[in-house]
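Taking this note's numbering as reference, the numbering of the sequence shown is continuous, increasing by one, and the terminal residue is 324. Some notes on the structure that comes next.
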Amino acid sequence: MTEILVTGATGRIGSLVAKRLVALNTTPRVFVRNVEKARSLLGPEVEIVSGDLADEGAVARSLDGIDRVLLVSPVHPEQRHLQGNLVRAAAAAENPLIVKISGLGTKLTSTVDSGRWHAETELDIQRLGLPYTFLRPNFFMQNLGYGLEHIRKTGEVRAAVGEARIAMVDVRDVADVCVKLLTGEVDSTGKAYALTGNVAHSYDDVAAILSKLLVRDVAYVRQSLAEARTSLEASGQPDWHVQILLQFNRAFLDGWGSAPNTAVERLLGRPPRTLADYLAEAVRESNPDSGSNPFPS
Ligand SMILES: NC(=O)c1ccc[n+]([C@@H]2O[C@H](COP(=O)([O-])OP(=O)(O)OC[C@H]3O[C@@H](n4cnc5c(N)ncnc54)[C@H](OP(=O)(O)O)[C@@H]3O)[C@@H](O)[C@H]2O)c1
């Protein structure tokens, strides 16, 4: 039987992947920092290995007997070192397939810092001769969900991407692709995919869809990059993260992520979820009267 390790299993992609694997009657191993959080989120049918990517010993233990790995962790300046610990341990173990989550702008010369960090890790994986599939999702539709309550109250969607169109992808489609690769139902060893939705939307489109769903006027308020910087700095995020968010805004203004592709459909054998469907679900589920999770799996 194929043994699968899921990192980032208490996060957005990893938790969906772990739950989907359990639903397929497999027992994935999850590598997590917080065992209680993992148990309550993922239930009893996962094998938990407790540890941090910074802890080389724990990482090595998590890989014992593993055939395929989902490698995902948050954007962080230490990413190359942290993910590198897993990559090096994997090469010293049984050379499992690494399904790595990268992102938009993954290039060694990227003007987006996280894009460079992802590219460096991808190169590390290739240099060590590990089998891999690299997934580079576009902006997640679910990022819009975080602003829903504000939009519901104010009727304003704020962003600093001007007229940019973005082929956003539903994080559940990203998880579905991971599962196909981790179970071996699809073999894309040695390949890299940009994952997008099937339509590129502007923020005017987002506002129009939300106007209908919320049954109130919703307007897209265009911020300048300077205004975005001011509000990001006021939010208390670390400077390196503010820089990356601004770099992404600049990249979207320059047209990055605006071209939908067919990768999700080719890998899943069905079209990607649409933005209108995602927003309808998010609005329904985040209805203050319903009290339920805005990001259902
Ligand atoms: N957001 C987007 O639109 C977008 C688009 C494309 C690609 N991406 C990529 O997606 C990735 C993030 O995925 P996500 O949204 O699923 O992440 P997420 O929800 O932020 O979850 C991160 C996971 O990693 C775990 N983690 C954090 N630091 C760790 C450490 N030092 N050791 C072990 N585990 C650690 C977290 O555990 P805890 O629960 O303990 O914190 C959590 O399970 C990034 O690489 C990003 O570039 C994002």
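A virtual CB, placed ideally from N, CA and C, is assigned to each residue, including glycine.
Let me make sure I understand the geometry here. Which of S129, F275, R249, R277 has the alpha-carbon closest to that of P101? S129
Give me the residue from N276, V76, T210, A119 with the minimum Cα distance to L295. T210
For E190, three-class secondary structure by DSSP: coil
Which whole-angstrom value is the C-beta distance of S285 and A227, which I expect to be below 8 Å? 5 Å
For V59, verify whether its CB is less than 8 Å away from any heavy atom of ligand 1. Within the cutoff, so yes.
Leaving out the 5 sequence neighbours to the left and right, which residues in its chain are closer than 6 Å to G41 when beta-carbon positions are compared? Taken in chain order, the residues that qualify are V33, G35, V99.
Can you say whether M28 is buried or exposed, counting buried as having 16 or more other CB atoms within 10 angstroms of its CB? Of the other Cβ atoms in all chains shown, fewer than 16 fall within 10 Å of the Cβ of M28; this residue is therefore exposed.
Taking the alpha-carbon positions, what's the Y247 to N170 distance? 16 Å
Does at least one heavy atom of ligand 1 sit under 8 Å from the Cβ of R277? no
Quick one: using the 10 Å Cβ neighbour count with 16 as the cut-off for buried, is E176 buried or exposed? exposed
Run the CB neighbour count on Y173, radius 10 Å, all protein chains shown included, and call it buried at 16 or more, exposed below. exposed
DSSP three-state call for I93: helix, strand or coil? coil
State the Cα-Cα distance for the pair L97 and L273, rounded to the nearest angstrom. Looking at the two C-alpha atoms, the distance is approximately 28 Å.
Figure out for me which residue from K239, V73, V233 has the closest Cα to the Cα of E63. V73
For M195, the nearest candidate out of S67, W144, T289, A119 (CA to CA): Checking every option, the nearest Cα to that of M195 belongs to T289.
Can you list, in chain order, the residues of its chain with a C-beta nearer than 7 Å to that of T189? Leave out the 5 residues immediately preceding and following it. In the sequence as presented, Thr is not what sits at residue 189; that position holds Gly. Counting only Cβ-Cβ distances below 7 Å, and skipping sequence neighbours, we find R249, L280.
So which of V76, I271, E312 has the shortest CA-CA distance to R143? It is I271 whose Cα lies nearest to the Cα of R143.
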